[in-house]
Amino acid sequence: MSIVLAADPHSTTARNLTITLFLVFVAITLAITVWASRQTKTATDFYAGGRSFSGFQNGMAIGGDYMSAASFLGIAGIIALYGYDGFLYSIGFLVAWLVALLLVAELLRNSGRYTMADVLAFRMRQRPVRTAAAVSTITVSIFYLLAQMVGAGALVALLLGIKPGTTFLGMDADTAKVATIILVGALMIIYVTVGGMKGTTYVQIVKAFLLMSGAIVMTLLVLAKYEFNLSSLLGDAAHASGKGAAFLEPGLRYGVETPGDALKTFYSKMDLLSLGIALVLGTAGLPHILIRFYTVPTAKTARKSVLWAIGIIGLFYLLTLALGFGAAALVGGKAITEQDKAGNIAAPLLAEALGKDFLGGSLGGATLLAIIAAVAFATILAVVAGLTLASSSSLAHDFYNNVIKNGQASERQEVGVARISALVIGAVAIVLSIFAQSLNVAFLVALAFAVAASGNLPAILYSLFWKRFNTSGAVWAIYGGLLAAVVLVFFSPVVSGAPTAMFPEHDWHWFPLSNPGIISIPIGFLCGWIGTLLSKEHDEEKYAELEVRALTGAGAH
90 MSIVLAADPH STTARNLTIT LFLVFVAITL AITVWASRQT KTATDFYAGG
140 RSFSGFQNGM AIGGDYMSAA SFLGIAGIIA LYGYDGFLYS IGFLVAWLVA
190 LLLVAELLRN SGRYTMADVL AFRMRQRPVR TAAAVSTITV SIFYLLAQMV
240 GAGALVALLL GIKPGTTFLG MDADTAKVAT IILVGALMII YVTVGGMKGT
290 TYVQIVKAFL LMSGAIVMTL LVLAKYEFNL SSLLGDAAHA SGKGAAFLEP
340 GLRYGVETPG DALKTFYSKM DLLSLGIALV LGTAGLPHIL IRFYTVPTAK
390 TARKSVLWAI GIIGLFYLLT LALGFGAAAL VGGKAITEQD KAGNIAAPLL
440 AEALGKDFLG GSLGGATLLA IIAAVAFATI LAVVAGLTLA SSSSLAHDFY
490 NNVIKNGQAS ERQEVGVARI SALVIGAVAI VLSIFAQSLN VAFLVALAFA
540 VAASGNLPAI LYSLFWKRFN TSGAVWAIYG GLLAAVVLVF FSPVVSGAPT
590 AMFPEHDWHW FPLSNPGIIS IPIGFLCGWI GTLLSKEHDE EKYAELEVRA
640 LTGAGAH
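With positions in the sequence shown counted from 1, the corresponding number in our numbering is that position plus 89.
Written out as structure tokens, the structure reads:
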């Protein structure tokens, strides 16, 4: 029972409503940012929000950071197109939080100050370790930024009704997407440079509330449409997807059985395993999530904030199921891919279909679409601000102060460099996003997770739990894992050699998997182990001190 969208649902009224809602959100968040800038007087205020947030506030902000455009747009889209296989992303993103809670949240809060490198460099030589950590932080953040900004481009084209062959303000669909990416980039730079961590955190709290509210309303409407009969919803979704019963079973995207080609079948199954490993281990290595643990006053509050985050995020990922299958049933796979091949706008299209059903006519559809799209924009803006802050903090605190200035830079100089760094990182992300528009955003985030799990996680875990670990091991682990992940992605079907690749007209791929985690994560751990054994450096006293700090919080800043 696929609903075909009306001939021209994007009336002038709809466009005006969308633009007005978006501008209202931007105005509110800019006001919060300006207010926060007046409270930001020290480096601790800029990097860690003055460590003044409660467990619930920080849990909401972590949820805001984590429930990105990839979650809302990408996962709903991947479920709408691939059914059961898309749900694997929801499970992976959620289970990953248990690793973060059990292994790193409390220990990091006790041991560090502003960035991930504070923990890694505590018992090692500062310069090499902090340089490696800064490189890794920026690489992971840029992969993640691409996902958010690509989502923004797809969303705007839908909102303004710009399809191939149509224009808005003289712009065709491609130009409008590029203009949106530039606008989002400019806004995120303003949030970070003006508001610092305080402004960014409050923006994330507001956005988490809006996103949860929007997802709950849409889920209730989907279930009401089917009189809360899940079987009927799944049946319609399978029928409208065009894939029949296979839509509800594994094997549409991952673990695909290719008759007569055992190697291809094996690679597809390995890709599924690789994706799962990267998703589950990646969260504990994501720099923009790790720095959130420094914004609370105590380790106990850090634990509480992760528990709140798990509750908020767990509920949200359950809701993505209803959104994905709802989009498949009420919009149909064909209508989704016609608007966006990667499926990134399945949730907004579902909002439009629900609005028509429950609010009546194309104006009702346009109203709900505008509300959900404004929420998705809020999501994108909040997450890109968090990512840019993580990168610029690492560049200023780790690289500028501790590597270039030998720890002698004043707080004012350091924060100034952080603001300039935000500008540069924003510009790089804007340029790269323009080339990555053909990729599904949930998939792009999975790559960021793989890079984080390969480079950052081995170094963090070895540093916290292995007495023999040293500077050489940390540098080898970060560069080895990072290089392995980035090289394998570059030579995979994600970048070339596939219709959905970044460069579909070229083919230089030799690595058969789309997700590098199954190879690159063990390489990261192996490099850390080899690097440690090759160096005689060994400081048991420093490890003992780190262990006491990590477990008790004694001496934590």
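Backbone N, C-alpha and C fix where the C-beta goes; we use that ideal spot for every residue, glycine too.
A quick note: this is a predicted structure, and the numbers were derived from the prediction, not measured.
Going by C-alpha to C-alpha distance, which of the options sits closest to residue i?
i	options	result
residue 156	546, 401, 277 and 541	401
residue 423	497, 499, 330 and 511	330
residue 461	417, 300 and 182	300
residue 287	128, 277, 601 and 419	128
residue 652	612, 292, 576 and 627	Not covered by the structure: residue 652. The range shown for the chain is 90 to 646.
residue 547	298, 610, 190 and 478	610
residue 509	290, 142 and 483	483
residue 541	366, 555, 515 and 399	366
residue 147	270, 537, 612 and 294	294
residue 175	185, 186, 160 and 184	160
residue 381	413, 290 and 220	290
residue 608	568, 592, 589 and 539	539
residue 566	456, 474, 467 and 623	623
residue 281	495, 576, 569 and 514	514
residue 327	564, 237, 416 and 616	416
residue 270	298, 237, 283 and 292	237
residue 182	336, 582, 323 and 372	372
residue 436	409, 455 and 450	409
residue 394	615, 595, 152 and 111	152
residue 636	199, 375, 360 and 464	199
Should residue i go down as buried or exposed, given a rule of 16 or more other Cβ atoms within 10 Å for buried?
i	result
residue 96	The predicted position of residue 96 is uncertain, since its pLDDT is 35 and thus under 50; a value taken from the coordinates is nonetheless stated next. The residue is exposed, with fewer than 16 neighbouring Cβ atoms inside 10 Å.
residue 117	exposed
residue 604	buried
residue 208	buried
residue 154	buried
residue 318	exposed
residue 503	buried
residue 109	exposed
residue 348	exposed
residue 520	exposed
residue 524	exposed
residue 302	exposed
residue 480	buried
residue 445	buried
Residue i by DSSP, collapsed to three states: which one?
i	result
residue 591	coil
residue 156	coil
residue 498	coil
residue 437	helix
residue 376	helix
residue 218	helix
residue 318	coil
residue 611	helix
residue 332	coil
residue 341	coil
residue 638	helix
residue 126	helix
residue 627	coil
residue 118	helix
residue 207	helix
residue 526	coil
residue 213	coil
residue 651	Given that the chain is displayed from residue 90 to residue 646, the structure contains no residue 651 and the question cannot be resolved.
Output the distance between the C-alpha atoms of residue i and residue j, rounded to the nearest integer angstrom.
i	j	result
residue 346	residue 587	19 Å
residue 428	residue 244	10 Å
residue 599	residue 580	6 Å
residue 390	residue 188	18 Å
residue 554	residue 640	11 Å
residue 516	residue 265	18 Å
residue 682	residue 638	Nothing can be reported for residue 682, as the shown portion of the chain is limited to 90 through 646.
residue 368	residue 543	11 Å
residue 178	residue 420	21 Å
residue 119	residue 113	10 Å
residue 425	residue 442	12 Å
residue 545	residue 593	31 Å
residue 351	residue 358	11 Å
residue 534	residue 232	7 Å
residue 591	residue 631	46 Å
residue 387	residue 296	25 Å
residue 438	residue 142	36 Å
Answer yes or no: does any C-beta atom of chain C fall closer than 8 Å to that of residue i?
i	result
residue 166	In the displayed structure, chain C is absent; only one protein chain is listed.
Just checking residue i against the ligand ADP - is the residue's beta carbon closer than 7 Å to any of the ligand's heavy atoms?
i	result
residue 338	This structure lacks the ligand ADP, and indeed carries no ligand of any kind.
For a minimum of 4 consecutive residues, which ranges assigned as the alpha helix (DSSP H) are wholly contained in the region 536 to 606?
Segments of the alpha helix (DSSP H) lying fully in the region 536 to 606: 560 to 579.
Every unbroken alpha helix (DSSP H) within the region 242 to 316, with a cutoff of 4 residues, ordered by chain
Counting only runs of 4+ residues, the alpha helix (DSSP H) found wholly inside the region 242 to 316 occupies 262 to 279 and 285 to 314, in chain order.
4 or more residues per run - each alpha helix (DSSP H) lying fully within the region 416 to 467
Whole alpha helix (DSSP H) segments, 4+ residues: 422 to 428 and 435 to 444.
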